[in-house]
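So the number in this note's numbering is just where the residue sits in the sequence shown, counting from 1, plus 270. Cβ coordinates follow ideal geometry from the N, Cα and C atoms, glycine included. Only one structure is covered here, and it is reproduced in the block below.
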Amino acid sequence: MSKSKYSASFTAAALLYPEHLRMEELLRSPDFEERIGKEVEENKYLSIKMQASRKRVVQEVRKRYEAAPEGFWERFFGWKEAEQRLGLFFLCLKTYALMMDYQVEVALKKWRSGAVSLDAFDLQMRLDEIASFDLKVDGWSEGTKRKTITNYIRILGEAGLLREGNLVRPADIETDFWSYFHRIGEGWFIEACFFHKDQI
Numbered sequence: 271m272s273k274s275k276y277s278a279s280f281t282a283a284a285l286l287y288p289e290h291l292r293m294e295e296l297l298r299s300p301d302f303e304e305r306i307g308k309e310v311e312e313n314k315y316l317s318i319k320m321q322a323s324r325k326r327v328v329q330e331v332r333k334r335y336e337a338a339p340e341g342f343w344e345r346f347f348g349w350k351e352a353e354q355r356l357g358l359f360f361l362c363l364k365t366y367a368l369m370m371d372y373q374v375e376v377a378l379k380k381w382r383s384g385a386v387s388l389d390a391f392d393l394q395m396r397l398d399e400i401a402s403f404d405l406k407v408d409g410w411s412e413g414t415k416r417k418t419i420t421n422y423i424r425i426l427g428e429a430g431l432l433r434e435g436n437l438v439r440p441a442d443i444e445t446d447f448w449s450y451f452h453r454i455g456e457g458w459f460i461e462a463c464f465f466h467k468d469q470i
């Protein structure tokens, strides 16, 4: 079986916005890797009761941290909430190929076509398409497949890009926020948030 780029691991955690705020000291630390490992035992920042759940969340936090551009966290803690939420969504798209696929192949295409409603069926159609050429995805249980869809929809809402089943362009975001993504060579993210690059 050829190696799949897709993973359902993001179903273990949504955007984790409040958790990242609580982890500020940790995320800014040069000893992040060591300290996040201890968090599974200590539960000092995450406040997740079950250790097994905490372990899964820590695994995802690690992946997203690794996807962050250099200097990201210094900027992140200077942004306002709506921008921070989008920043975490950016890390999710960088980390999870399936979430990126849903965003580009389903949400963005719908937005560009003028159809702003987004529901589970739209995403299920895309997932079925992926499963037709990816044996790993095809082998997922129906529960796992469904969870990738529901969690993506939840994350989209938490990031401020979906409201009451409709895709929305983020409002009240500073131009400098978008300029940052231009500067670091990640201008695609502006378009993924339903803007044309030249609108910013």
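Distance, residue j Cα to residue i Cα
i, j, result
"S411", "Y276", "14 Å"
"T414", "D408", "11 Å"
"F465", "E311", "42 Å"
"L286", "G384", "30 Å"
"A382", "V438", "The residue asked about is misnamed: residue 382 is Arg in this sequence, not Ala. Taking the straight line from one Cα to the other gives about 12 Å."
Burial state of residue i (16 or more Cβ within 10 Å)
i, result
"L405", "exposed"
"G357", "buried"
"T281", "buried"
"Q321", "exposed"
"F403", "exposed"
"M293", "buried"
"N436", "exposed"
"H452", "exposed"
Residues that residue i bridges to, as DSSP identifies them
i, result
"L432", "L437"
"S387", "N436"
C-beta atoms of residue i and residue j nearer than 7 Å
i, j, result
"I525", "A390", "Nothing in the structure corresponds to residue 525, since the chain is present only between 271 and 470."
"A284", "E434", "no"
"F447", "E353", "yes"
"L363", "M369", "yes"
"R324", "L316", "yes"
"K333", "T365", "yes"
"G430", "R355", "yes"
Residue range of the unbroken alpha helix (DSSP H) whose run includes residue i
i, result
"K406", "L405 to D408"
"T365", "E351 to T365"
"Q373", "No alpha helix (DSSP H) contains Q373, which DSSP labels as neither H nor E."
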